[in-house]
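Worksheet for the structure shown next.
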Amino acid sequence: MVKNLNKSLMRVLGLSFLVGMSSMSFADIVMNSGTNQASLSWSSEEANQLLNGDVSASVNKADEPSPQGSAKITTSIRSSNGAVQSSPTKTVQIFDTSASFNQPSINARSALVMDGQTGEVLYSKNSNTAFPIASITKLMTAVIIADARLNMSENITLQQIDFAGAGGKNSSSTLRAGDSMNRAEALLFALMKSENPAAAALARTYPGGRVAFVSAMNAKAKSLGMNSTRYVESSGLDPRNISSARDLGILVNSASQYGLIRQFSTTPSYDFNLGYRVLKSNNTNALVRNGGWNINISKTGYINEAGRCVVMHTTLNNRPAVVVLLGADSSAARTNDATKLMTWVSQLPKRI
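Counting with mature numbering (1 follows the signal peptide of the UniProt record, and there is no 0), you get residues -27 to -1, 1 to 325 for the letters of the sequence shown.
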């Protein structure tokens, strides 16, 4: 029997977290000073409400046009009693300060490091070029699930179609058709262990099915200003899922405001009890497993067309930072690139 979410998943993961709504900036932008900032702190009880679809937090770019070189952002916060409050619209300015400070040489074909609070670009390599993003896709999958406020305790049974893959690719999963889990565990499988069938099942069981889910993914990308991004499915097996490092910086900073995604993507290990077998699973990011860095969001990815990829939201020298790497040659090269960049940022002055 699948574990009861509230008694097991909540207990093991210890879902008592702080969701910081103050880090609102996108890649290549700086927040105007003097704006009001909001934060939400959820108790364990309120976290439980989030898992069951009763609380949501999201950031969306405002509908009205903005002056060239700027964008407007409105934050909506749904409290546990269902009331929705919106923060004042914030205007942000394009800003890039990545062209100095003895930047390290890295293996990845594209990279971005930005200050997660001010939007200053600290490091950039081919950051505006779109590439296949593999399982980095699953971060947007998680955002769509969180935005939908679905019942996270609802049971999902994997079907053979969830293992079909894309472009002839095998899903390479330890899961099997007929395995059952609740929606929260499916999301944890997708984020922590990068299980493709779990991501496919999340899209299949979304209201309106896969077509509606992919449409929601692309609509969310557009609303965030991810102009180089396109999704065709929810797992990342299809190389037609493309994005730029800049766009993914936007996504990571937005995703970092969802407590559920923060917790699930950085869980080092978890034993999934499927009733008739237990799957002992580890996070796909060695930097999360080893615990040497303060990582708030993590997602890795790999298909042949994309190379080795990783995105992270971390805290370096008291600075919130977003790290994006696309197209490294190997897992070791990806980890080495990330380590070099994070070490370098840790030594930078707080303001540039």
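Ideal Cβ placement from N, Cα and C applies to all residues, glycine included.
Only a predicted model underlies this, so the values are computations on that prediction, with no experimental measurement involved.
Terminal residues of the alpha helix (DSSP H) in which Arg177 lies: As a first step, residue 177 must be located in the sequence shown, where it is residue number 204. Segment Asn169 to Arg177, the alpha helix (DSSP H) holding Arg177.
Proximity of Val318 and Val86 at Cβ, strictly below 8 Å: The residue you call residue 318 lines up with position 345 of the sequence shown. The residue you call residue 86 lines up with position 113 of the sequence shown. The answer is yes: Cβ separation under 8 Å.
Ala107 vs Ala279 beta-carbon contact at 8 Å: Taking the sequence shown and counting its residues from 1, the one referred to as residue 107 is at position 134. Taking the sequence shown and counting its residues from 1, the one referred to as residue 279 is at position 306. Cβ distance < 8 Å, so Ala107 and Ala279 count as in contact.
Runs of alpha helix (DSSP H) lying entirely within the segment 228 to 303, each at least 4 residues, in chain order: Qualifying alpha helix (DSSP H) stretches, in chain order: 232 to 238 and 259 to 263.
Straight-line gap, Ser146 to Thr110 (C-alpha atoms, nearest Å): Within the sequence shown, residue 146 is the residue found at index 173, counting from 1. Within the sequence shown, residue 110 is the residue found at index 137, counting from 1. Using only the alpha carbons, I get a separation of about 17 Å.
Asp88 - DSSP class collapsed to helix/strand/coil: What you label residue 88 is simply residue 115 of the sequence shown in a count that begins at 1. Here Asp88 carries a strand assignment [DSSP, helix/strand/coil].
Rounded Cβ spacing between Pro212 and Pro293 (contact assumed at less than 8 Å): Translated into positions along the sequence shown, residue 212 becomes position 239. Translated into positions along the sequence shown, residue 293 becomes position 320. For a cut-off of 8 Å, the C-beta gap from Pro212 to Pro293 is around 31 Å, too long to register as a contact.
Three-state secondary structure (DSSP) of Met165: To locate residue 165, count along the sequence shown from 1; it is residue 192. DSSP places Met165 in helix when its eight states are reduced to three.
Cβ-based burial, Ile215 [other Cβ within 10 Å; buried from 16]: Position 242 of the sequence shown, counting from 1, holds the residue named residue 215. Label assigned to Ile215: buried.
Cβ pair Ser242, Asn263 closer than 8 Å: By one-based count along the sequence shown, residue 242 stands at place 269. By one-based count along the sequence shown, residue 263 stands at place 290. For Ser242 and Asn263, no; Cβs fall outside 8 Å.
Straight-line Cα distance separating Ser100 from Asn309: Translated into the one-based positions of the sequence shown, residue 309 becomes position 336. Translated into the one-based positions of the sequence shown, residue 100 becomes position 127. Their backbone Cα atoms lie some 19 Å apart in a straight line.
Lys98, buried or exposed, once every other Cβ within 10 Å from all chains shown has been counted against 16: Within the sequence shown, the letter at position 125 stands for residue 98. Lys98 counts as buried, since no fewer than 16 other beta carbons sit within 10 angstroms of its beta carbon.
Best match in Thr288, Ile118, Asn80 and Tyr275 for proximity to Lys193 [C-alpha to C-alpha]: The sequence position of residue 193 within the sequence shown is 220, counting from 1. Per the Cα distances, Ile118.
Residue from Thr287, Ala301 and Gly198 with nearest C-alpha to Ser229: Walking along the sequence shown from the start, residue 229 turns up at place 256. Answer by Cα proximity: Thr287.
Local Cβ density within 10 Å of Ser167, reported as buried at 16 or more and exposed below that: In the sequence shown, residue 167 corresponds to position 194, counting from 1. Ser167 sits buried, since 16 or more C-beta atoms from the chains shown fall within 10 Å of its C-beta.
Sequence-distant residues of its chain with Cβ nearer than 6 Å to Asp152 (five each side left out): To locate residue 152, count along the sequence shown from 1; it is residue 179. Taken in chain order, the residues that qualify are Leu131 and Leu247.
Beta-carbon gap between Ile77 and Lys313 smaller than 8 Å: One-based indexing of the sequence shown puts residue 77 at position 104. One-based indexing of the sequence shown puts residue 313 at position 340. The question names Ile, but residue 77 in the sequence shown is Pro. Going by C-beta atoms, Pro77 is nearer than 8 Å to Lys313.
Own chain, CB closer than 6 Å to Arg203, minus 5 neighbours either side, in chain order: Locating residue 203 in the sequence shown gives position 230, where the first residue counts as 1. If you ignore the 5 residues before and after Arg203, its C-beta comes within less than 6 Å of the C-beta of Ile215, all in its own chain and listed in chain order.
Ser319 - DSSP class collapsed to helix/strand/coil: Numbered from its first residue, the sequence shown carries residue 319 at position 346. In this structure, DSSP gives Ser319 a helical state, which the three-state scheme calls helix.
Nearest neighbour of Ile129, chosen from Tyr179, Ala137, Glu93 and Pro322 [CA to CA]: By 1-based counting over the sequence shown, the position of residue 129 is 156. For Ile129, the closest C-alpha among the options Tyr179, Ala137, Glu93 and Pro322 is that of Tyr179.
Bridge-paired residues (DSSP) for Tyr96: Within the sequence shown, numbered from 1, the residue matching residue 96 stands at position 123. Beta-bridge partners of Tyr96 (DSSP): Val86.
Reduced DSSP category for Thr202 - H, G, I as helix; E, B as strand; rest coil: As a first step, residue 202 is located in the sequence shown; it is residue number 229 there, counting from the start. If DSSP states are grouped into helix, strand and coil, Thr202 belongs with coil.
Range of the contiguous alpha helix (DSSP H) that encloses Ser196: Residue mapping note: residue 196 aligns to position 223 of the sequence shown, counting from 1. Taken as a continuous stretch (DSSP letters only), the alpha helix (DSSP H) holding Ser196 covers Gly182 to Ser196.
Contact set for Leu260: own chain, Cβ-Cβ below 7 Å, skip 5 residues either direction: In the sequence shown, counting from the first residue as 1, residue 260 sits at position 287. The answer, listed in chain order, is Trp266, Ile268, Thr308 and Ala311.
Nearest to Ala81 (by Cα), restricted to the options Gln320, Thr316, Leu252 and Ala301: Here residue 81 corresponds to residue number 108 of the sequence shown, with the count starting at 1. Comparing Cα positions, the closest option is Ala301.
Exposed unless 16 or more other CB atoms sit within 10 angstroms - verdict on Tyr249: Taking the sequence shown and counting its residues from 1, one reaches residue 249 at position 276. Burial call: exposed.
Buried versus exposed call for Thr316 [16 or more other C-beta atoms within 10 Å across all chains shown]: Taking the sequence shown and counting its residues from 1, the one referred to as residue 316 is at position 343. Under a 10 Å Cβ-count criterion, Thr316 is classified as exposed, with fewer than 16 other Cβ atoms of the shown protein chains found around its own Cβ.
Beta-carbon proximity list for Phe162, same chain, < 6 Å, skipping 5 on both sides: Residue 162 sits at position 189 when you count from the first residue of the sequence shown. Excluding positions up to five away in sequence, the list reads Glu168 and Ala171.
Residues of its chain near Phe136, where Cβ-Cβ distance is below 7 Å and the 5 sequence neighbours each way are ignored: Counting from 1 along the sequence shown, the entry for residue 136 is found at position 163. Spatial neighbours of Phe136 in its own chain (CB-CB distance under 7 Å, excluding positions within 5 residues in sequence) are listed in chain order as Ser144, Ser146, Ala150 and Pro170.
Arg177 to Gln320 span [Cα, whole Å]: Within the sequence shown, residue 177 is the residue found at index 204, counting from 1. Within the sequence shown, residue 320 is the residue found at index 347, counting from 1. Distance between the alpha carbons of Arg177 and Gln320: 45 Å.
Simplified DSSP assignment, three categories, for Ile215: Taking the first residue of the sequence shown as position 1, residue 215 is located at position 242. When DSSP states are grouped into helix, strand and coil, Ile215 belongs to the strand group.
8 Å Cβ cutoff met for Ala84 and Leu298: By one-based count along the sequence shown, residue 84 stands at place 111. By one-based count along the sequence shown, residue 298 stands at place 325. The answer is yes: Cβ separation under 8 Å.
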